[in-house]
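So the protein lines, in turn, are chains A and B.
Take 1 as the starting number for the first sequence in the numbering used here and just add one per residue.
Take 1001 as the starting number for the second sequence in the numbering used here and just add one per residue.
Encoded as structure tokens, the structure appears first; notes follow it.
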Amino acid sequence: MGRAAPLSFVCAVAHLAGAYFSSRNRLRGQGGGGRLIWQQLINGLVTGSTYALIALGYTMVYGVLQLINFAHGEIYMAGAFAGLLLVTAAELPFLAALVLAMVIAACVGVVVEFVAYRPLRRSSRLAVLISAIGMSIFLQNLGLWIFGPSTRSFLPPFPVVSFEIGGLRTNTLHLLTLAVALAMMVGLQFLVARTKMGKAMRAVAQDREAAALMGISVNRTIAFTFAIGSALAAAAGVMVGMLFNAVTPTMGIMPGLKGFVAAVLGGIGHIPGAMLGGLVLGMIEVLGVALLSSQWRDAIAFAILILVLLYRPSGLLGKPAPEKV
Amino acid sequence: MLVIDGVVTHYGPIEALKGVSLEVRQGEIVTLIGANGAGKTTLLRTISGLIRPTHGRITYEGRDLFSMPPEQIVAAGVAHVPEGRRVFPLMSVAENLELGAFARRDPAGVREDMERVFRLFPRLAERKTQAAGTLSGGEQQMLAIGRALMARPRLLLLDEPSMGLAPVIVENIFQVIREINAAGTTILLVEQNAHMALATAHRGYVMETGRIVLSDSADRLLKNEAVRKAYLGG
């Protein structure tokens, strides 16, 4: 499979789905099914961009620690709550609240690493994985204890205007979500490729011991990676909180798993892969929902996980693990 | 310059170093020879902080290295070229060299040193933008040494620089090791190729199962009957 394969795959599915809708609608004498599918794809792009933000945290942490941070969904939840409280209780302007929520989530991520993972640095991977699951459950319950189980409304603190582009309906909140996700990805790409800390992250991911011999503080680099991944998850949490007008202590479970699927789909440990995996997952989900029904949404995501693990465990962009010389 | 005194290091329950003492003086090339599993690599890893020793003292220029993390040991002026080269395979040659200078804050000096590495190893200059994982074994060894030099170390630890390389390339690498030493860097060299190592070094230590069993000038070790039998093929 080449680089273009994922894209052509999505296009093919979209084409088939479009054909399906047009034929169904022709029976009803309506037409315009192609438009409906493009409408769905816009929604898929918005959801997918939030999956991508979550997936980036998984993939970066996996890169430096070979660990699936199963508490990542809870950090997303913490970010959503932080954003909600900063907008409602502290009445901060939206962008300030978003940035501050990211900072708060980054701190939570660093504390999680320090408490749950760092003491197990030399333990088996199974022990760390169990610690991760424990941390996830702990944070959910901490959220329930602090905020209670009821769903809170998260109305965007700015007017949401709906409009049409080329016959497709969208609104300013969708566009803002895409813009935030895009800005984060560009920023991350710059950070990883150009900054000293980014180079340290890549060095630790490729060879932790050799990185230490370069004078890189491995612990500090790992903490930094958690901070960045957590901040991205918080951005996703705030945007999704507003998109669904809902924030709850258990909101991180499903998006956390979806982000993980997206990271695996793109190739775990591969940063552009996580971005692509998130977008592709979002699109496939909406297309599946359009073709089947919305009850299938989660099943589709996990079917993708199983298929990727069976047939292409290195993901869309990941290369099969190179042999160590 | 470097004084190691009674160092004991464990891998889990296994005692890999059983009280090792040795000394490296300013300006020397000191070699440590011995069979596979004698503990040579463990000693280098203990010096550079990758493994914590359980007992003993390690002092470098009067400073205690015993409980320092690796990044501080690098900053103190000790660079380690690890066994198996361990270059960053997905990064370019230039990026690998930049990482070698990670702890430094003098961009002008770093540029200067990169030019110096390219003069020592012209092959690396030709492959500046190539991913390190695609280099040949010899080129990777050159890169690993160049990367360590980028830290501008006063003491260079070299672990098996000849491993798996063709004789011509080994000659070339040892020539560069002598040049690096002549330019003022002290070297502690671990080698299985005892002949090459003793021909290059000023002094040598022989290690067996976690202990130093012999130490002398390199010339005398080359002529030593026991050493000839065990490590030089008779």
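C-beta: ideal position from N, C-alpha, C; glycine also.
Source: prediction; values computed, not measured.
8 Å Cβ cutoff, residue i in contact with chain A
{"i": "B:Met1114", "result": "no"}
{"i": "B:Phe1066", "result": "no"}
{"i": "B:Ala1131", "result": "no"}
{"i": "B:Ser1048", "result": "yes"}
{"i": "B:Pro1082", "result": "yes"}
{"i": "B:Gly1077", "result": "no"}
{"i": "B:Val1110", "result": "no"}
{"i": "B:Val1074", "result": "yes"}
{"i": "B:Leu1002", "result": "no"}
Neighbouring residues, chain B, relative to residue i (Cβ below 8 Å)
{"i": "A:Arg202", "result": "Phe1088, Leu1090, Met1091"}
Cβ-Cβ separation, residue j to residue i (assumed contact under 8 Å), whole Å
{"i": "B:Tyr1205", "j": "B:Leu1032", "result": "5 Å"}
{"i": "A:Val180", "j": "A:Ile271", "result": "About 18 Å; that fails the 8 Å criterion."}
{"i": "A:Gln206", "j": "B:Leu1090", "result": "6 Å"}
{"i": "B:Ala1218", "j": "B:Ala1201", "result": "4 Å"}
{"i": "B:Leu1188", "j": "B:Val1024", "result": "5 Å"}
{"i": "A:Tyr62", "j": "A:His72", "result": "With a Cβ gap of about 10 Å, A:Tyr62 and A:His72 do not count as contacting."}
{"i": "B:Ala1132", "j": "B:Gln1141", "result": "No, B:Ala1132 and B:Gln1141 are not in contact; Cβ-Cβ is about 11 Å, not under 8 Å."}
{"i": "A:Gly235", "j": "A:Leu98", "result": "Before going on, a small fix: residue 235 of chain A reads as Ala here, not Gly. Indeed they touch by this definition, with Cβ atoms about 6 Å apart."}
CB contact below 8 Å: residue i versus chain B
{"i": "A:Tyr62", "result": "no"}
{"i": "A:Pro313", "result": "no"}
{"i": "A:Gln66", "result": "no"}
{"i": "A:Gln40", "result": "no"}
{"i": "A:Glu209", "result": "yes"}
{"i": "A:Gln30", "result": "Below a pLDDT of 50, predicted positions are generally treated as unreliable, and A:Gln30, at 43, falls in that range; no measurement from the model is reported."}
Min CB distance residue i to chain E below 8 Å
{"i": "A:Ala212", "result": "Chain labels in this structure do not include chain E; the protein chains are A and B."}
Neighbouring residues, chain A, relative to residue i (Cβ below 8 Å)
{"i": "B:His1010", "result": "In chain order: nothing, as chain A lies at least about 13 Å away."}
{"i": "B:Gly1100", "result": "Met214"}
{"i": "B:Glu1095", "result": "Lys199"}
Under 7 Å from the C-beta of residue i: neighbouring residues of chain A
{"i": "B:Lys1070", "result": "Residue identity check: residue 1070 of chain B is Pro in the sequence provided, not Lys. Near B:Pro1070 (Cβ distances below 7 Å), the residues of chain A are Ala212, Leu213."}
{"i": "B:Val1117", "result": "None at all; the shortest Cβ gap to chain A is about 14 Å."}
{"i": "B:Ala1103", "result": "Gly215"}
Per-residue contacts from residue i into chain B (C-beta, under 7 Å)
{"i": "A:Glu113", "result": "Per Cβ cutoff of 7 Å: no residues; A:Glu113 is ~17 Å from chain B at best."}
Open item on the list: Short of 9 Å Cβ to Cβ, which residues in the region 1149-1160 of chain B face chain A?
Closed with: Met1150, Ala1151
- [ ] Taking a Cβ distance cut-off of 7 Å, strictly less, list which residues of the region 267-285 of chain A are near chain B, in chain order.
- [x] none
TODO: Could you name the residues of the region 217-230 of chain A whose beta carbon sits closer than 9 Å to any beta carbon of chain B, in the order they occur along the chain?
DONE: Ser217, Val218, Asn219, Arg220
Task: Residues of the region 177-206 of chain A whose Cβ lies closer than 8 Å to any Cβ of chain B, in chain order - done: Lys196, Lys199, Ala200, Arg202, Ala203, Gln206
Open item on the list: Under 8 Å, CB to CB, which of the residues in the region 1017-1030 of chain B have a partner in chain A?
Closed with: none
TODO: Taking only runs that begin and end inside the region 1019-1085 of chain B, name each unbroken beta strand (DSSP E) of 3 or more residues, in chain order.
DONE: 1029-1034, 1055-1060, 1078-1081
Task: Length-filtered (4 minimum) alpha helix (DSSP H) runs lying within the region 1138-1192 of chain B - done: 1167-1182
Task: Entirely enclosed beta strand (DSSP E) segments - the region 298-324 of chain A, minimum 3 residues - done: none
- [ ] May I have a chain-ordered list of the alpha helix (DSSP H) segments no shorter than 4 residues that lie completely inside the region 202-282 of chain A?
- [x] 208-213, 218-243, 253-266
- [ ] Please list the segments of the alpha helix (DSSP H) lying wholly inside the region 78-149 of chain A, counting only runs of 4 or more residues, in order along the chain.
- [x] 94-112, 125-147
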